[in-house]
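Asker: If you read the sequence shown in our numbering, its first letter stands for residue 2, the second for the next number, and so on.
I am attaching a structure below and will ask some questions about it afterwards.
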Amino acid sequence: MKTAVEVIRKLKAAGFEAYFVGGAVRDFLLGKTPGDFDVATSAEPDQVKAIFDRTVDTGIQHGTVLVLTGGSGIEVTTFRTETGYSDNRRPDKVDFVKTLDEDLKRRDFTINAMAMTEDLEIVDLFGGRRDISEEIIRSVGEPDERFQEDALRMLRAVRFSGQLDFSIDEKTLGSIRNNAALIRTIAVERLKVELDKIMANKHAARSIGYLIDSGLADQLPSGEIFRTDWSGFIPTPDPLSGWLYAFWQNAKDLSALTAYKFSNEEKNTIKRALDAASIEQWDSWTCYIYSSKQLEFAAALTDRNSGWIRMKENLPIHSKSELAVNGRDLMEWTEKKPGPWLKELLEEIERKIVFSELENEKDKIKGWFLNEYNRDK
Ligand code: ATP
Ligand code: MG
2 MKTAVEVIRK LKAAGFEAYF VGGAVRDFLL GKTPGDFDVA TSAEPDQVKA
52 IFDRTVDTGI QHGTVLVLTG GSGIEVTTFR TETGYSDNRR PDKVDFVKTL
102 DEDLKRRDFT INAMAMTEDL EIVDLFGGRR DISEEIIRSV GEPDERFQED
152 ALRMLRAVRF SGQLDFSIDE KTLGSIRNNA ALIRTIAVER LKVELDKIMA
202 NKHAARSIGY LIDSGLADQL PSGEIFRTDW SGFIPTPDPL SGWLYAFWQN
252 AKDLSALTAY KFSNEEKNTI KRALDAASIE QWDSWTCYIY SSKQLEFAAA
302 LTDRNSGWIR MKENLPIHSK SELAVNGRDL MEWTEKKPGP WLKELLEEIE
352 RKIVFSELEN EKDKIKGWFL NEYNRDK
């Protein structure tokens, strides 16, 4: 926060207005440590760049310049409005404006539409403080208009409900019900970002309750997977744990992986964790071939056998790279050329070590190996 205050002071010293805005003000009033500090200013991007030595053009077309100070970056955005929204999702055009008020008016919810000076004075035009104390998410202005401008806001309302453990104001919720179908106009990448945040919410079940109650789930790709009993779900900061719960509860219907363009890494983790959760008979080798993360996910799904994770920790080795020998050693000992035999023998050694039938020491492995190899000849 100190560096953000310095950024504000510097902008003001240069004759511009500057404030904390958005989530940081909300979190500050909630007594939480904000994840990041966003600054809004009357200075235009070129003017911001002239004031600070080190800046990055992260979103200059939207008026955002990242100011690098000390170890961190502060996003500084020129006061702006958004006009157009002919497609319910993206402003046709971003206009810089002169006043803070106009900038705050374009923001989504009252709790996100406050500003704060560097002396911690709050600018609250829409009753954000009241809504924070009443724990309510309420649109700025007419919800119908605001959701028709940008339909993603409906999902954001649902996301904030579980992030903050707030309820959605009746009128705002009614409007989401009426406009739910507009969510179809939003790109799946943007939906995935919000759904990931919902899955990682401290009160994920509250968000998902709203997702269903508002009718949004019916409009979302693979939306039926959200309609399940979430009482057994224990949220974690990793969104995959929520997705996994949904897949597990829905007989592994994985259509969402394609629908939301999950990355290959995410797909792999999900499939492996579901596999692991289905295994009945566990032994050292099973623990060995799944990563600790995958075992953790699997244990959370099945509500049993977190012992797998301890079992994994206690294994003599945890991956091939820890083997005391490699293919080159085997070739040296046998004077044979590489071939499929190498992989087979290495895996046999690996298994023996994992099952503690052989010690992971080069000499011991060599002794066992030559004995075995000469016997087979
Ligand atoms: P978090 O702490 O979870 O990041 P946040 O409030 O900072 O929450 P962001 O998505 O980072 O949320 O957005 C920053 C601010 O920008 C919001 O507080 C809000 O004022 C504004 N904002 C973001 N997205 C929209 C949107 N789709 N429509 C209107 N205002 C928005
Ligand atoms: Mg933020």
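For each residue, glycine too, the CB sits at the ideal point set by N, CA and C.
At the level of alpha carbons, what is the spacing between valine 95 and threonine 59?
Answerer: Residue mapping note: residue 95 aligns to position 94 of the sequence shown, counting from 1. Residue mapping note: residue 59 aligns to position 58 of the sequence shown, counting from 1. Between valine 95 and threonine 59, the C-alpha separation is close to 15 angstroms.
Asker: Name all residues in chain order for which at least one heavy atom of ligand 2 lies closer than 7 angstroms to the residue's CB.
Answerer: The answer, residue by residue, is Gly23, Gly24, Gly36, Asp37, Asp39.
Asker: For the alpha helix (DSSP H) that leucine 316 lies in, which residues bound it at each end?
Answerer: One-based indexing of the sequence shown puts residue 316 at position 315. It is not in any alpha helix (DSSP H) - leucine 316 carries neither H nor E in the DSSP assignment.
Asker: Please identify the residue among Glu358, Ala301, Asn375, Leu324 whose C-alpha is closest to the C-alpha of glutamate 336.
Answerer: Counted from its first residue, the sequence shown places residue 336 at position 335. Checked all of Glu358, Ala301, Asn375, Leu324; the closest Cα to glutamate 336 is Asn375.
Asker: Would isoleucine 169 and isoleucine 177 qualify as a contact pair, given that the criterion is a beta-carbon distance under 9 angstroms?
Answerer: Mapped onto the sequence shown, residue 169 falls at position 168. Mapped onto the sequence shown, residue 177 falls at position 176. Cβ atoms of isoleucine 169 and isoleucine 177: closer than 9 angstroms.
Asker: Report the residue from Leu126, Lys172, Thr118, Met117 whose alpha carbon sits nearest the alpha carbon of arginine 139.
Answerer: Numbered from 1 along the sequence shown, position 138 holds the residue referred to as residue 139. Considering only alpha carbons, the answer is Lys172.
Asker: Counting pairs of beta carbons, one from the stretch 327-344 and one from the stretch 310-318, are three or more of them closer than 8 angstroms?
Answerer: Short answer: they don't touch.
Asker: By the three-class DSSP mapping on this structure, what secondary structure does valine 189 have?
Answerer: Against the sequence shown, residue 189 aligns to sequence position 188. In the structure shown, valine 189 sits in a helix (DSSP, three-state: H, G or I).
Asker: Between glutamine 164 and ligand 1, is there a pair consisting of the residue's CB and a ligand heavy atom that are separated by less than 8 angstroms?
Answerer: For the purposes of this step, residue 164 is taken as the residue at position 163 of the sequence shown. Result yes, Cβ under 8 angstroms from ligand 1.
Asker: Say whether the stretch 7-27 touches the stretch 99-119, bearing in mind that this needs 3 or more beta-carbon pairs closer than 8 angstroms, one atom from each stretch.
Answerer: Flag = yes, the stretch 7-27 and the stretch 99-119 touch.
Asker: May I have the straight-line CA-CA distance separating alanine 19 from tryptophan 283, to the nearest angstrom?
Answerer: Counting from one through the sequence shown, the residue named residue 19 turns up at place 18. Counting from one through the sequence shown, the residue named residue 283 turns up at place 282. Distance between the alpha carbons of alanine 19 and tryptophan 283: 60 angstroms.
Asker: Under a three-way DSSP split, which group does leucine 221 fall into?
Answerer: The residue you call residue 221 lines up with position 220 of the sequence shown. Residue state, collapsed to three classes: coil.
Asker: Given a threshold of 16 other Cβ atoms within 10 Å of its Cβ, counted over all protein chains shown, does glutamate 150 qualify as buried or as exposed?
Answerer: One-based indexing of the sequence shown puts residue 150 at position 149. Answer is buried; the Cβ neighbour count reaches 16.
Asker: Thinking arginine 147 and aspartate 104 are a contact (beta carbons under 8 angstroms), I'd like their distance in whole angstroms, please.
Answerer: Indexing the sequence shown from 1 puts residue 147 at position 146. Indexing the sequence shown from 1 puts residue 104 at position 103. No, arginine 147 and aspartate 104 are not in contact; Cβ-Cβ is about 15 angstroms, not under 8 angstroms.
Asker: Any heavy atom of ligand 1 within a distance shorter than 8 angstroms of the CB on asparagine 180?
Answerer: For the purposes of this step, residue 180 is identified with residue 179 of the sequence shown, where counting begins at 1. For ligand 1, not one heavy atom lies less than 8 angstroms from the Cβ of asparagine 180.
Asker: Under 6 angstroms Cβ to Cβ from tyrosine 261, same chain only, skipping five residues before and after it: list those, please.
Answerer: The residue labelled residue 261 in the question sits at position 260 within the sequence shown. Closer than 6 angstroms at the Cβ level, and outside the excluded window around tyrosine 261, lie Val189, Lys193.
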